[in-house]
Amino acid sequence: MARTRPRHLLLIAFSFPPSRASGTYRPLGLANYLVNRGWDVTVISPPAETITQYFGTVDNTLLKAIDERVHVTRVPMPMAGMHLPLHDHSWFQANFPMVHKMARARATGWPFRDNVMPWVPGVVRAGLRIHRRKPVDLVLATGNPWSAFVAAYLICRKIRKPYAMDYRDSWTLDEFTGERAFPVGSTEDKWERRLQNNAAVLTFVNEPQRRWHSEQNPVIADRTSVVENGWDPDLLGEPTYQPPPADRPLRFGYLGTVTDLQPHAETWEAWQVARHDPILEGATATIRGHLGFFRGSVNRTYALIPDGVAGIHYGGPVGKTEVRGVYDSFDVILLIVASSEYVTSGKVYECMATGKPIVAIHTPETAAAEPMAGYPLAHRIDSVDPVAIEKALLAAAHTARTYTLEDFEAAKAYGERYTRSAQFASLVDTLEGITGE
Numbered sequence: 003m004a005r006t007r008p009r010h011l012l013l014i015a016f017s018f019p020p021s022r023a024s025g026t027y028r029p030l031g032l033a034n035y036l037v038n039r040g041w042d043v044t045v046i047s048p049p050a051e052t053i054t055q056y057f058g059t060v061d062n063t064l065l066k067a068i069d070e071r072v073h074v075t076r077v078p079m080p081m082a083g084m085h086l087p088l089h090d091h092s093w094f095q096a097n098f099p100m101v102h103k104m105a106r107a108r109a110t111g112w113p114f115r116d117n118v119m120p121w122v123p124g125v126v127r128a129g130l131r132i133h134r135r136k137p138v139d140l141v142l143a144t145g146n147p148w149s150a151f152v153a154a155y156l157i158c159r160k161i162r163k164p165y166a167m168d169y170r171d172s173w174t175l176d177e178f179t180g181e182r183a184f185p186v187g188s189t190e191d192k193w194e195r196r197l198q199n200n201a202a203v204l205t206f207v208n209e210p211q212r213r214w215h216s217e218q219n220p221v222i223a224d225r226t227s228v229v230e231n232g233w234d235p236d237l238l239g240e241p242t243y244q245p246p247p248a249d250r251p252l253r254f255g256y257l258g259t260v261t262d263l264q265p266h267a268e269t270w271e272a273w274q275v276a277r278h279d280p281i282l283e284g285a286t287a288t289i290r291g292h293l294g295f296f297r298g299s300v301n302r303t304y305a306l307i308p309d310g311v312a313g314i315h316y317g318g319p320v321g322k323t324e325v326r327g328v329y330d331s332f333d334v335i336l337l338i339v340a341s342s343e344y345v346t347s348g349k350v351y352e353c354m355a356t357g358k359p360i361v362a363i364h365t366p367e368t369a370a371a372e373p374m375a376g377y378p379l380a381h382r383i384d385s386v387d388p389v390a391i392e393k394a395l396l397a398a399a400h401t402a403r404t405y406t407l408e409d410f411e412a413a414k415a416y417g418e419r420y421t422r423s424a425q426f427a428s429l430v431d432t433l434e435g436i437t438g439e
């Protein structure tokens with residue numbers, strides 16, 4: 003029988019505009035892509051007040067990036083004491099007594115440690131209301147926070163529809179050490195397996211993450227896939243060939259969230275040595291982006307940047323409308339990534355979309371190295387040490403002074419493989435197969 007209405011996706015995303023968290027862009031891109039494929043999409047996300055309380059800041063310019071056909075339902079998270087008001091939860095208590103008990107605990111208590119757990123009951127109530135108004139065909143939750151997966155599980159148990167789990171990060175795996183974040187048999191491990199075992203689809207941002215989770219829980223292997231992050235053409239526009247003027251010092255730059263997991267000490271030591279080379283005479287290195295993910299990390303993160311030393315300058319956060327202009331102002335892009343087999347920074351794809359020379363500062367084993375491997379203007383390092391980084395900086399400077407229009411076009415063409423649309427296509431084919439004709 004032919005479908006009489008569009009498919010309806012309920013997307014649970016704690017990170018969604020106006021959140022400026024790095025995890026915002028993936029669900030935003032998916033929601034916009036799906037409405038262009040003919041789906042109805044309803045997003046459940048917190049209001050700006052909750053985001054501000056949790057992360058410390060928002061970026062209201064991102065609201066304009068939401069396709070007007072995407073419906074957004076804002077569910078606040080009870081914050082006071084991290085307890086939930088339960089006097090009006092009679093249906094919830096009757097249907098989900100275990101979660102009712104959970105909601106009475108502090109967010110760091112049972113069933114697992116997740117500060118956003120108080121959000122779950124409100125999300126479940128909202129999801130059921132949405133389904134009554136317009137039947138939902140599929141629920142997709144993106145994590146972290148991992149409580150989003152719990153909400154999807156509870157909603158779908160009630161409406162008897164499939165759900166998908168989208169891992170922007172890993173839960174029981176510490177992505178930076180490669181060790182387990184929680185031991186086998188822990189509450190977190192048991193809950194993750196329960197949620198995974200009932201999910202119709204599980205997606206990961208890179209193959210090492212997908213492989214690790216499949217090895218830990220083999221029953222899910224045939225339901226897993228890799229959906230890389232990609233980049234957003236509506237954010238970056240069409241890149242143009244802009245070689246630096248011969249009489250101007252080179253401008254290096256980093257754009258993205260600055261964290262204490264990145265190799266700052268090695269990078270800036272290498273920069274100060276490399277700047278003695280004539281090709282870097284007068285060169286600048288500009289860092290743009292938020293300092294850490296939370297308000298409390300600003301001072302600690304800023305201390306990692308030698309602002310004002312050897313042409314290094316921290317230029318502050320960047321709004322959505324400024325991103326294209328910031329990249330245009332750089333001659334060479336610094337891609338500074340925390341090194342790990344399981345870490346792929348979303349900025350990898352954005353940097354490749356510019357068609358400009360890139361200094362990739364991370365170990366070869368880092369997951370970010372895989373998409374970067376074929377980029378024609380990449381300058382990679384064998385190890386994260388000042389000598390290797392210095393050589394890459396100087397090599398990138400030579401490239402910036404000599405690369406041709408043909409070089410740019412080749413780099414641009416490679417970057418176009420990683421648009422959000424290209425990454426989402428196979429996933430949405432799968433979701434459409436699950437939801438039927």
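Offset between the sequence shown (1-based) and the working numbering: plus 2. The C-beta atom is built at its ideal place from N, Cα and C for all residues, glycine as well. Quantities reported herein were computed from a predicted structural model and do not represent experimental measurements.
Residues sharing a beta bridge with residue i, DSSP
i      : result
Gly255 : Thr288, Ile335
Val74  : Val45
Gly401 : Note that residue 401 is Thr in the sequence shown, not Gly. In DSSP, Thr401 forms no bridge with anything.
Trp233 : Thr421
Thr269 : Note: Thr269 sits in no beta bridge, so no partner.
Distance CB(residue i)-CB(residue j) smaller than 8 Å
i      : j      : result
Leu379 : Asp409 : yes
Gly145 : Tyr165 : no
Leu433 : Leu65  : no
Ala272 : Leu130 : no
Ser342 : Thr303 : no
Thr259 : Ser47  : no
Pro2   : Gly31  : Residue 2 falls outside the range modelled here, since the chain spans only 3 to 439, and no answer is possible.
Arg212 : Val228 : yes
Ala398 : Pro366 : no
Leu12  : Val138 : yes
Arg277 : Gly313 : yes
Ala362 : Arg382 : yes
Thr346 : Val207 : yes
Phe254 : Val334 : yes
Pro20  : Ala50  : yes
Trp233 : Glu352 : yes
Val275 : Glu392 : yes
Leu197 : Ile222 : no
Gly291 : Leu257 : yes
Gly348 : Asn231 : yes
For residue i, the three-state DSSP class (helix, strand or coil)
i      : result
Tyr35  : helix
Thr44  : strand
Ile14  : strand
Leu263 : coil
Ala143 : strand
Ser21  : coil
Phe295 : coil
Val275 : helix
Thr6   : coil
Val228 : strand
Thr205 : strand
Met119 : helix
Asn200 : helix
Gly438 : coil
Gln55  : helix
Leu86  : In this prediction, Leu86 has a pLDDT of 38, which is less than 50 and means its spatial position is unreliable; what the coordinates show is noted afterwards. In the structure shown, Leu86 sits in coil (DSSP, three-state: anything other than H, G, I, E or B).
Gln218 : helix
Thr432 : helix
Ala50  : helix
Arg250 : coil
Lys66  : helix
Tyr416 : helix
Glu283 : coil
Thr406 : coil
Val389 : helix
Cβ distance (whole Å) where residue i is taken to contact residue j below 8 Å
i      : j      : result
Ala148 : Trp173 : Checking the sequence, you will find Trp at residue 148 rather than Ala. That belief holds up - the Cβ atoms of Trp148 and Trp173 are roughly 5 Å apart, short of 8 Å.
Val45  : Thr75  : 7 Å
Thr356 : Pro241 : 5 Å
Val118 : Met167 : The pair is not a contact, with the Cβ atoms about 16 Å apart (cut-off 8 Å).
Thr59  : Arg22  : 6 Å
Tyr344 : Pro210 : 5 Å
Ala202 : Ile436 : 5 Å
Gly317 : Thr286 : Actually they do not touch by this definition, with Cβ atoms about 10 Å apart.
Asn200 : Tyr155 : 6 Å
CB contact check: residue i to chain E, cutoff 8 Å
i      : result
Thr356 : Among the protein chains of the structure shown there is no chain E, as only one such chain exists.
* Along the chain, which unbroken stretches of the beta strand (DSSP E) at least 3 residues long are found entirely within the stretch 300-384? -> Runs of the beta strand (DSSP E) lying entirely within the stretch 300-384 and spanning at least 3 residues, in chain order: 314-318, 334-338, 360-363, 380-382.
* In chain order, which continuous runs of the beta strand (DSSP E) of length 3 or greater are located wholly inside the stretch 146-194? -> 165-169
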